[in-house]
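Note that the sequence shown covers residues 1 to 505 in the UniProt record's numbering. Positions of the beta carbon are idealized from the N, C-alpha and C atoms, including for glycine. Just so it is clear, the structure is predicted and the values come from calculations on it, not from any experiment. This report refers to the structure that appears directly beneath it.
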Amino acid sequence: MSEVLRDAGHGLLSGMSVAVIDIGSNSVRLVVYERLSRSPTPIFNEKASCGLGREVLTTGRLNPDAVEKALAALRRFRVLCDRMGVGKVYVLATAAARDAANGPDFVAACTEICRTEVEVLSGKREAQLSALGILSGVHHANGVVGDLGGGSLELADLQGQRIGSGVTFPLGGLALQDTSGRSLKKADKIVKDLLTKDPHLEHLKGRTFYAVGGTWRALARLHMFQRGYPLHVMHGYIIPAREALEFCRLVRQVPIDTLSRIDTVSDVRRPLLPYGAVVLEHLIRIGKPTNVFISAQGVREGLLYELLEVEERQHDPLITAAAELNEVRARSPAHGWELIDWTDQFMKSSGIDESVEEKRLRHAACLLSDISWRAHPDYRGEQSLNLIAHASFIGVDHPGRAFLALAIYYRHMGLIDEDLSPRIRELVSARLLDRARILGAAMRVAYILSAAMPGTLPLTPLSVERGKLALQLRGELAPLSGDRIANRLRTLARLIGRESTVLAG
Numbered sequence: 001m002s003e004v005l006r007d008a009g010h011g012l013l014s015g016m017s018v019a020v021i022d023i024g025s026n027s028v029r030l031v032v033y034e035r036l037s038r039s040p041t042p043i044f045n046e047k048a049s050c051g052l053g054r055e056v057l058t059t060g061r062l063n064p065d066a067v068e069k070a071l072a073a074l075r076r077f078r079v080l081c082d083r084m085g086v087g088k089v090y091v092l093a094t095a096a097a098r099d100a101a102n103g104p105d106f107v108a109a110c111t112e113i114c115r116t117e118v119e120v121l122s123g124k125r126e127a128q129l130s131a132l133g134i135l136s137g138v139h140h141a142n143g144v145v146g147d148l149g150g151g152s153l154e155l156a157d158l159q160g161q162r163i164g165s166g167v168t169f170p171l172g173g174l175a176l177q178d179t180s181g182r183s184l185k186k187a188d189k190i191v192k193d194l195l196t197k198d199p200h201l202e203h204l205k206g207r208t209f210y211a212v213g214g215t216w217r218a219l220a221r222l223h224m225f226q227r228g229y230p231l232h233v234m235h236g237y238i239i240p241a242r243e244a245l246e247f248c249r250l251v252r253q254v255p256i257d258t259l260s261r262i263d264t265v266s267d268v269r270r271p272l273l274p275y276g277a278v279v280l281e282h283l284i285r286i287g288k289p290t291n292v293f294i295s296a297q298g299v300r301e302g303l304l305y306e307l308l309e310v311e312e313r314q315h316d317p318l319i320t321a322a323a324e325l326n327e328v329r330a331r332s333p334a335h336g337w338e339l340i341d342w343t344d345q346f347m348k349s350s351g352i353d354e355s356v357e358e359k360r361l362r363h364a365a366c367l368l369s370d371i372s373w374r375a376h377p378d379y380r381g382e383q384s385l386n387l388i389a390h391a392s393f394i395g396v397d398h399p400g401r402a403f404l405a406l407a408i409y410y411r412h413m414g415l416i417d418e419d420l421s422p423r424i425r426e427l428v429s430a431r432l433l434d435r436a437r438i439l440g441a442a443m444r445v446a447y448i449l450s451a452a453m454p455g456t457l458p459l460t461p462l463s464v465e466r467g468k469l470a471l472q473l474r475g476e477l478a479p480l481s482g483d484r485i486a487n488r489l490r491t492l493a494r495l496i497g498r499e500s501t502v503l504a505g
C-alpha cells in the first residue's frame with residue numbers, strides 16, 4: 001500500500017473537485033470535495049433545514065413551504081458550485097422525495113435547477129450507500145450500519161468488504177413526530193413493533209452498531225460535551241452500548257431544554273433528539289451490540305467510494321490522507337517515506353513487539369512528522385498536536401488519533417509532558433503512549449541527522465546490534481556526529497532499555 005502512494009508523487013493532488021447535494025427529509029446539504037479520492041477532503045459544507053419530510057406520511061405530499069425552501073437552497077448551491085468551478089455535481093434525494101405523491105414534480109424542478117440528474121434513492125440503495133460510507137471510513141468494520149434521517153431508518157449488515165441486503169423503516173425523526181402525533185409514548189410503540197421483527201438485529205449481538213445521521217451525531221455531541229471528552233471529533237467517537245442506552249433514556253425522559261450542555265445542539269435539531277433516542281434505545285435493546293460507533297461518513301461518502309476504481313478502494317484512507325498532507329506541507333515529502341523505512345529497520349532490530357495496526361499508525365506518523373515546520377519552533381509541538389488530533393482523517397479511531405498527535409508532539413518538544421493536556425494522554429493505552437514516546441524520540445534523532453532532507457537516512461541506519469542501539473555514520477557522513485546526536489540517541493536508547501553508540505569513521 002505505501003509503495004503505491006509513495007510512487008504517486010504529485011499525482012496525489014491531481015483531479016477536479018466534486019460536489020454531492022443530498023436532498024434529505026430534514027435538510028438539504030451541499031458538500032464540495034477537493035477531488036475524488038480514497039480520503040475525500042471537504043472544502044465547502046453547507047446545509048439548509050427545510051423539513052421536506054414533515055407530514056409526508058400523513059398527508060402524502062411535500063409541504064409547499066418546505067419545497068420552496070429546498071428549491072431556494074438548490075439555486076444557491078448551483079451558483080456556488082459554478083463559482084467554485086466544481087467539475088462534477090451529484091444529486092441524491094431520499095425518503096421524502098421518493099414517498100410523496102408530488103415527489104416526481106419536485107424532483108423535476110430539482111433537476112432543472114441543478115442541471116444534472118437527480119438520483120432518487122430506494123430504501124435498499126440508501127442502506128447500501130450508507131454501508132459503503134462506513135466501509136470507506138472505518139478500518140476493518142464489522143457490525144450493522146444504521147442511517148437515521150428525517151424520514152426513514154436504513155439498516156445494513158457489514159462485515160469486511162461484504163455488505164448485506166439493506167432494509168428501510170419509516171422511523172426518521174420527522175416521520176415519527178408525524179405518525180405518533182408528537183407523542184413519545186406512541187413513538188416508542190411504533191419503533192418497538194417495527195424493529196422487533198427485523199432479522200438484521202439478530203446478528204448484531206457482540207458487534208458494533210455504526211450510527212449514521214445528523215440526529216445521532218447531535219446526540220453523540222451532547223454526550224461528548226456532558227462527559228467533558230477531550231477530543232471534539234465526531235467520526236470514530238465510541239459509546240459503550242450500556243452507556244448509550246442509559247443516555248437515551250435520559251434524553252427521552254427529561255425536558256430537552258433542561259439537559260446539560262444542550263446549547264451544543266442547534267435549535268432546529270433539538271426537537272428530534274428524543275425520537276432519535278427512542279430509535280437508538282430499541283436498536284440497542286434488541287440487537288445487543290457492544291458499542292455504538294458514531295460516523296461522520298454516510299451516503300455522500302459511500303457514493304464517492306463507489307465511484308473510485310476498484311484498485312483505489314483498496315488503499316488505506318489514513319495513509320492516503322497522511323501522504324497528502326506530507327505532499328503539501330512537509331519540507332521534503334520524500335523524507336517522510338525514508339523515515340518509514342528507517343524506523344522499520346529500527347523497530348525490527350529492537351525486538352519491540354509491534355502489531356499490524358501499530359505499524360500502520362507509525363507509518364502514518366512518519367508522513368505527518370514535518371507538517372508544522374513553518375510554525376514558530378516553540379509552538380510546533382502544540383500546533384502539530386492540535387492539527388493532527390482534529391484533522392478530518394478517516395480510517396482511524398480516537399486512540400489512534402491521539403497516538404499520532406502525541407508522537408509528533410514528542411518529536412518537536414522532546415519527552416516533556418508538563419505542557420501537554422493529560423486528557424489527550426488518557427485516550428491512549430500505556431502501551432500506545434510508550435510507543436508514541438519511542439517514535440517521537442527516534443524522529444528527534446532522524447531530523448537532527450537529516451535536516452529534513454532526503455538522501456541521508458538511507459545512509460545512516462539505526463539498529464540494535466550486539467545489545468546496543470547503534471547509529472552508523474560512515475565515510476563522508478562521519479562529521480555529523482556530535483553531542484546533540486549522542487544525547488538524543490542516548491534518550492532513545494534509555495526508552496528501550498539499551499545503551500547507545502555512534503559508529504562513526
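With respect to the 8 Å criterion, residue 209 and residue 289 are classified as neighbours on the basis of their beta carbons.
Across the set 469, 420, 375, 273, the C-alpha of 469 shows the shortest separation from the C-alpha of residue 352. Between the segment 139 to 151 and the segment 198 to 213 there are three or more inter-stretch CB-CB distances shorter than 8 Å, so the stretches are counted as touching. For residue 239, the enclosing beta strand (DSSP E) covers residues 237 to 240. In terms of Cβ geometry, residue 230 and residue 421 form a close pair [threshold 8 Å]. Counted as a single uninterrupted DSSP element, the stretch harbouring residue 99 is not any beta strand (DSSP E) but the alpha helix (DSSP H) occupying residues 95 to 99. Going by DSSP, residue 42 is part of the beta strand (DSSP E) stretching over 42 to 49. DSSP places residue 307 in the uninterrupted alpha helix (DSSP H) bounded by 299 to 307.
In the three-state scheme derived from DSSP, where H, G and I count as helix and E and B as strand, residue 195 is classed as helix. The alpha helix (DSSP H) runs lying completely inside the segment 405 to 454 and spanning 4 residues or more are 422 to 426, 430 to 450, given in chain order. For residue 143, the enclosing beta strand (DSSP E) has its first and last residue at 142 to 148. A contact between stretches requires three or more CB pairs, one per stretch, nearer than 8 Å, and the segment 147 to 155 meets this requirement with the segment 87 to 98. For residue 163, the beta-bridge partners assigned by DSSP are 158.
Under DSSP, residue 19 forms a beta bridge with 32, 89. With fewer than three CB-CB distances shorter than 8 Å, the segment 104 to 112 does not count as touching the segment 304 to 318. Per DSSP, residue 106 is one residue of the alpha helix (DSSP H) stretching across 103 to 114.
Between the alpha carbons of residue 417 and residue 350 lies a distance of about 25 Å. The beta carbon of residue 333 sits closer than 7 Å to the beta carbons of 326, 327 from its chain, once the five residues preceding and following it are set aside; these are given in chain order. Uninterrupted beta strand (DSSP E) stretches at least 3 residues long and entirely within the segment 323 to 403 do not occur.
Counting along the chain, the unbroken alpha helix (DSSP H) around residue 57 starts and ends at 56 to 59.
Excluding five sequence positions before and after residue 100, the CB atoms of its chain that fall closer than 6 Å to its own CB belong to 56, 61, 62, given in chain order. In the DSSP secondary-structure assignment, residue 472 is bridged to 503. A check of alpha carbon separations from residue 347 across 384, 167, 121, 442 identifies 442 as the nearest. Here DSSP, grouped into helix, strand and coil, assigns residue 119 to strand. Linking residue 155 to residue 275 through their CA atoms gives a straight-line distance of about 17 Å. For residue 92 and residue 175, the gap between their C-alpha atoms comes out near 19 Å. Judged by DSSP in its simplified three-state form, residue 318 adopts helix. Taking 8 Å as the cut-off, the Cβ atoms of residue 256 and residue 273 count as close. Collapsing the DSSP output to three states places residue 26 in coil. Assigned with DSSP and collapsed to three states, residue 229 falls in coil, not helix or strand. Between the segment 67 to 80 and the segment 193 to 205 there are fewer than three inter-stretch CB-CB distances shorter than 8 Å, so the stretches are not counted as touching. A contact between stretches requires three or more CB pairs, one per stretch, nearer than 8 Å, and the segment 381 to 399 fails this requirement with the segment 215 to 223.
For residue 312, no beta strand (DSSP E) run applies; the uninterrupted alpha helix (DSSP H) run containing it begins and ends at 310 to 313, by DSSP.
Straight-line spacing of the CA atoms in residue 187 and residue 249 works out to 14 Å. Inter-segment contact for the segment 41 to 56 and the segment 117 to 128 is absent: fewer than three beta-carbon pairs are separated by less than 8 Å.
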